[in-house]
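Residue numbers (numbering that gives the first Met the number 0): 0 to 329.
From the three backbone atoms N, C-alpha and C, an ideal C-beta is built for every residue, glycine too.
Values in this document were obtained by computation on a predicted structure and should not be read as measured data.
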Amino acid sequence: MWSYILRRLLYNIPVYLGIILLVMLALRVNDPVTAYLGKNATEEQYNTIKEDFGLDRPFYEQYASTVWNIVTLDFSARSWEQKRPVGELISTAVPATTMITVPALLITAAISILIGLICSFYRGRIADQTLMLLAVLGMSVSFLVYIIIGQYFGGYRLGQEAGLVPFDIEGYDVRLSTLGFWASSPIEAVQTWLQYCGLPVLISVIVAMGYDTRFYRAVMVEETGRDYITTARAKGAGSRKIMFVHMLKNAMIPIITRVMISLPFLIVGSILLEVFFSIPGMGRALITAINAKDFPVVEYMSALFAAVVILTVILTDVLYAVVDPRVRLS
């Protein structure tokens, strides 16, 4: 298995280097210094900033330096806008993003798989048709609409009518990013998480459930026609055992594929949530850097996102072999 992982990593090195190259080229279509300073900067200011930012070096040197820093995990390059190391910005942003993406991924997968099993068992009946109708309706509404409705009812209307505001529509408690807070005060930590992250996670789950439910239903319906299901029923196995033991176990490969593919899209979706809820995560930091023409932050965060996607694909193949002994990594 380790030889397979190493081989896949080696195969993806050119892809990863190409992604970094394309990002750096795209950011340099126009002059970075002019974009940062504006057109009214003096020649002295222009030359000073160009030298300070290292843009006076040839492009191949800039590219080689960036690649080397990423390979050696040296994120000491300073942000042009905030004058802080990029690594420091990333280390504070990753936990905030994790507080949204990981719970949303787990909750969405659990509920969608359960609904998919129910729909497959009651295929063609009222329960199946109703749940699929709700899934299609959920897919038809824009992410932004869910955010606006969620903020209005969850943060404003509920407080106005009932005098209760269970969710904050902006802000984030930095204590959530520390393990000490969760270890010392778990109940308070959960309450704080619900206050600041509960509504974004709920919105993310609602948005993703429509797509995932339809996918898992299709997978489970296909499994119901397999010979092993007919055999299990002939032996007198109950519906609950068939669904949660036989069907779920044999459908793990498409389930793993869907869950792992959803992870990068959840990170993209968190960009909107972090911007609208003022959560200092990776998405908001990236958008802020793009607007401020803070190219070092954009380059390193884009490289990090690309690494997540590549590692997710490799991990998916490894999990195939773990859950299904028939799959061989070669």
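- The beta carbon of Thr96 lies closer than 6 Å to those of Ser269, Gly280 and Met281 in the same chain, with the five residues before and after it left out.
- When the beta-carbon positions are compared, Gln44 and Leu36 come within less than 8 Å of each other.
- Residue pairing by DSSP puts Arg77 in a beta bridge opposite Pro84.
- Collapsing the DSSP output to three states places Tyr151 in a helix.
- Annotation: Asp293 to Pro31 spans about 9 Å, alpha carbon to alpha carbon.
- Ala40 and Phe52 have their C-alpha atoms roughly 16 Å apart.
- Your pair Pro295 and Val85 checks out as a contact, with CB atoms roughly 6 Å apart and the cut at 8 Å.
- In terms of Cβ geometry, Gly115 and Thr212 form a close pair [threshold 8 Å].
- The beta carbon of Ala207 lies closer than 6 Å to those of Thr107 in the same chain, with the five residues before and after it left out.
- Its Cα nearest to that of Leu303, the residue Val70 stands out among Leu26, Val70 and Thr47.
- Contact annotation: Leu113 and Ser203 have beta-carbon atoms that are not nearer than 8 Å.
- The C-alpha of Tyr319 lies about 12 Å from the C-alpha of Val258.
- Your pair Ile278 and Pro165 does not check out as a contact, with CB atoms roughly 17 Å apart and the cut at 8 Å.
- In the displayed model, Asp30 falls within coil according to three-state DSSP, outside both helix and strand.
- In this structure, Ala217 is the residue among Ala231, Ala217 and Arg124 with its C-alpha nearest to the C-alpha of Ala250.
- Here the alpha carbon of Phe243 sits roughly 13 Å from the alpha carbon of Ile110.
- For Ser64, the enclosing alpha helix (DSSP H) stretches over residues Phe58 to Val70.
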